[in-house]
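Here the sequence shown stands for residues 0 to 356, numbered as in numbering that gives the first Met the number 0.
Note that the Cβ used here is the ideal one computed from N, Cα and C, for glycine as well.
Computed from a predicted model, the values in this text were never measured in an experiment.
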Amino acid sequence: MALQKDSEVFLNQLVHKGFNTYYVSNQGGGKGGGTFTRNPAPLFSPYSWKYTDARSYLYKLSEFLSHEDSERINIQYEHPDLKDIISAATSTTQRAGIQLVKSKAHGPVHRHTPNSFRVVLEAPEEGAISRIDGVNLEMHPGDVIGNTNWIWHEHFNHGTSDLIWTSFLDAILVKWIGGVFYDPPKTFNGDVNFPDISQEEYVSVLGRSTLPEELGTNPNTPLQFYRFSDACKSVSALSKLKRGKERVAVEYKNPTTGGSISANQSLKLNLIPGGCLTPMTRKTENIIFLNFSGETTLELGNGEGEFVLGKYDVAVLPSWTSHRVVNNSYSDEALYFTASDAPLFKNCGLYREEIVG
Ligand SMILES: [Fe+2]
Numbered sequence: 000m001a002l003q004k005d006s007e008v009f010l011n012q013l014v015h016k017g018f019n020t021y022y023v024s025n026q027g028g029g030k031g032g033g034t035f036t037r038n039p040a041p042l043f044s045p046y047s048w049k050y051t052d053a054r055s056y057l058y059k060l061s062e063f064l065s066h067e068d069s070e071r072i073n074i075q076y077e078h079p080d081l082k083d084i085i086s087a088a089t090s091t092t093q094r095a096g097i098q099l100v101k102s103k104a105h106g107p108v109h110r111h112t113p114n115s116f117r118v119v120l121e122a123p124e125e126g127a128i129s130r131i132d133g134v135n136l137e138m139h140p141g142d143v144i145g146n147t148n149w150i151w152h153e154h155f156n157h158g159t160s161d162l163i164w165t166s167f168l169d170a171i172l173v174k175w176i177g178g179v180f181y182d183p184p185k186t187f188n189g190d191v192n193f194p195d196i197s198q199e200e201y202v203s204v205l206g207r208s209t210l211p212e213e214l215g216t217n218p219n220t221p222l223q224f225y226r227f228s229d230a231c232k233s234v235s236a237l238s239k240l241k242r243g244k245e246r247v248a249v250e251y252k253n254p255t256t257g258g259s260i261s262a263n264q265s266l267k268l269n270l271i272p273g274g275c276l277t278p279m280t281r282k283t284e285n286i287i288f289l290n291f292s293g294e295t296t297l298e299l300g301n302g303e304g305e306f307v308l309g310k311y312d313v314a315v316l317p318s319w320t321s322h323r324v325v326n327n328s329y330s331d332e333a334l335y336f337t338a339s340d341a342p343l344f345k346n347c348g349l350y351r352e353e354i355v356g
């Protein structure tokens, strides 16, 4: 039944006075439509970024921006659908981007509440160091380095070539809910947990099947270093176990819970054998892909397009997007990282997944 003219006037007035009602609000006045949609209606669409573009912009930036100017030299993967809501949002929960630490440069010490996990892309043979809570962690391509909530961290490149990584932060979620705290450079007061401990000793304390008894459980992993060769060994062995016929993945774990690396993020290394593709699936997770080696195609369901991902290219898919991953080689395996916010959905009882074809 059509509303009377004076009812429509009333409803318009309501909205302009800072109120609303389901009758109006559920028709959707902003991005994503109304609240009660039959299926998830995310605020952004699938998108991808080329590493070659990002890398050339990174070097252009480094010609006129120093660490003194900006604290960090980076290019962020900002989703065009989200940029008017929160700056540099790759998805509605995570920010991804690449950062450069030039040979002989130093990224100054600081800390923040958003968790960050970086995957090293390019590094000198030796001398690329992240100092996390006082521990020097030497980085090589494929290594995962964390700096979780409120841990002091800084970066040194003593090597003879540049250091570049892709990082995944839960900064967008933390910003949205009002949880960001930040101690910028120069506020460091020296309160580190593991002074004068080597990388090997550090990994032995936190990266084994035993843990210090006083550690308890922590929603964010206390272990900040995961060696690529270890993850590769695991995922390759798993692939052999599955006869090399399907995509396999290993998840980076929080040793204190056995769960995901943080309450908000799940990071995985995926291997897809040559000639293989995954089933077309959809899941309630906002997921960022970092293609690491080989070439893959991310096919979207319902003929909605595809992204061809070369070395270090990135793509993001919103929750409940039907997709499959195809290895474009018939003979060589491909490796890719995924950084998703699935733990959030699981902790809220919202996680669903299904094969759609
Ligand atoms: Fe940081």
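- Task: Below 6 Å CB to CB, which residues in the same chain sit around Leu349 once its five sequence neighbours on both sides are set aside?
- Result: Excluding sequence neighbours, Leu349 sits near Thr283.
- In chain order, what residues place their C-beta within less than 6 Å of a heavy atom belonging to ligand 1? Qualifying residues, in the order they occur: His109, His111, Ser115, Asn146 and His152.
- Taking the alpha helix (DSSP H) that Phe9 falls in, what are its first and last residues? DSSP places Phe9 inside the alpha helix (DSSP H), whose first and last residues are Lys4 to His15.
- Terminal residues of the continuous alpha helix (DSSP H) containing Trp48? For Trp48, there is no enclosing alpha helix (DSSP H); the residue is part of the beta strand (DSSP E) that begins and ends at Tyr46 to Trp48.
- 4-residue-minimum alpha helix (DSSP H) runs that sit fully inside the segment 169-220, ordered along the chain: Taking only runs of at least 4 residues, the alpha helix (DSSP H) segments lying wholly in the segment 169-220 are 170-175 and 198-205.
- Item | 8 Å Cβ cutoff met for Gln223 and Thr147 | Contact flag set, yes.
- Quick one: measure Cβ to Cβ for Glu294 and Ser330, integer angstroms, because I've assumed they're closer than 8 Å. So it is not a contact: roughly 12 Å between Cβ atoms.
- Item | Residue range of the unbroken beta strand (DSSP E) whose run includes Lys310 | Where Lys310 is concerned, there is no enclosing beta strand (DSSP E), given that its DSSP letter is neither H nor E.
- Assess, as a yes-or-no matter, whether the segment 214-222 is touched by the segment 254-261 under the definition of 3 or more beta carbon pairs within less than 8 Å. Contact between the segment 254-261 and the segment 214-222 is present, because at least three Cβ pairs lie under 8 Å.
- Task: Report the partner residues of Val325 according to the DSSP bridge assignment.
- Result: Within the DSSP secondary-structure output, Val325 pairs in a beta bridge with Leu276 and Thr296.
- Message: With three or more C-beta pairs closer than 8 Å as the rule, is the segment 83-92 touching the segment 60-70?
- Response: Segments in contact, no.
- Task: List the endpoints of the continuous beta strand (DSSP E) containing Leu136.
- Result: That run of the beta strand (DSSP E) goes Val134 to Glu137.
- With distances taken Cα to Cα, identify the nearest neighbour of Asn301 among Val307, Asn285, Trp319 and Ile287. Ranked by how close their Cα comes to the Cα of Asn301, the residues Val307, Asn285, Trp319 and Ile287 have Trp319 in first place.
- Count the CB pairs spanning the segment 137-145 and the segment 106-123 that are closer than 8 Å, and state whether there are at least three. In short, these stretches touch, since the Cβ pair count reaches three.
- Task: Thinking Val108 and Glu153 are a contact (beta carbons under 8 Å), I'd like their distance in whole angstroms, please.
- Result: In this structure Val108 is in contact with Glu153, their Cβ atoms being roughly 4 Å apart against a cut-off of 8 Å.
- Report buried or exposed for Asn19, applying the criterion of at least 16 other Cβ atoms within 10 angstroms of its Cβ. Per the 10 Å Cβ criterion, exposed.
- Could you name the residues of the same chain whose beta carbon sits closer than 6 Å to that of Arg351, not counting the 5 residues immediately before and after it, in chain order? Apart from the 5 residues on each side of it in sequence, Arg351 sits with its Cβ closer than 6 Å to the Cβ of Thr283 in its chain, given in chain order.
- Message: DSSP three-state label for Glu303, please.
- Response: Residue state, collapsed to three classes: coil.
- Task: Assuming Ile271 contacts Val324 (C-beta within less than 8 Å), just tell me the rounded distance between them.
- Result: The beta-carbon distance between Ile271 and Val324, rounded to whole angstroms, is 6 Å. This is short enough to meet the 8 Å contact definition.
- State the DSSP-derived secondary structure class of Ser61, mapped to helix, strand or coil. Ser61: helix per DSSP, three-state reduction.
- Task: Compare the C-alpha of Leu81 against each of Phe9, Gly133, Ser44 and Lys4 and name the closest.
- Result: That would be Ser44, whose Cα lies nearest to the Cα of Leu81.
- Message: If the criterion is Cβ atoms closer than 8 Å, does the pair Pro184 and Glu70 meet it?
- Response: Cβ atoms of Pro184 and Glu70: closer than 8 Å.
- Rounded C-beta distance between Glu137 and Glu125? I'm assuming under 8 Å. Yes, they are in contact, since the Cβ atoms of Glu137 and Glu125 sit about 7 Å apart, within 8 Å.
- Query: Taking Cβ to Cβ, would you say Thr165 is nearer than 8 Å to Ser102?
  - Reply: No. Outside cutoff.
- Query: Excluding the five sequence neighbours on either side, which residues of its own chain have a C-beta within less than 6 Å of the C-beta of Ala248, listed in chain order?
  - Reply: Counting only Cβ-Cβ distances below 6 Å, and skipping sequence neighbours, we find Lys267 and Asn269.
- Item | Residues of its chain near Val179, where Cβ-Cβ distance is below 8 Å and the 5 sequence neighbours each way are ignored | Same-chain partners within the cutoff: His111, Thr112, Pro113, Ala170 and Val173.
- Go ahead and pull the three-state DSSP assignment for Asn25. In the displayed model, Asn25 falls within coil according to three-state DSSP, outside both helix and strand.
- Message: Using a Cβ-Cβ cutoff of less than 8 Å, which residues in the same chain neighbour Lys252 once the five nearest sequence positions on both sides are dropped?
- Response: Counting only Cβ-Cβ distances below 8 Å, and skipping sequence neighbours, we find Thr220, Gly258, Ser259 and Ile260.
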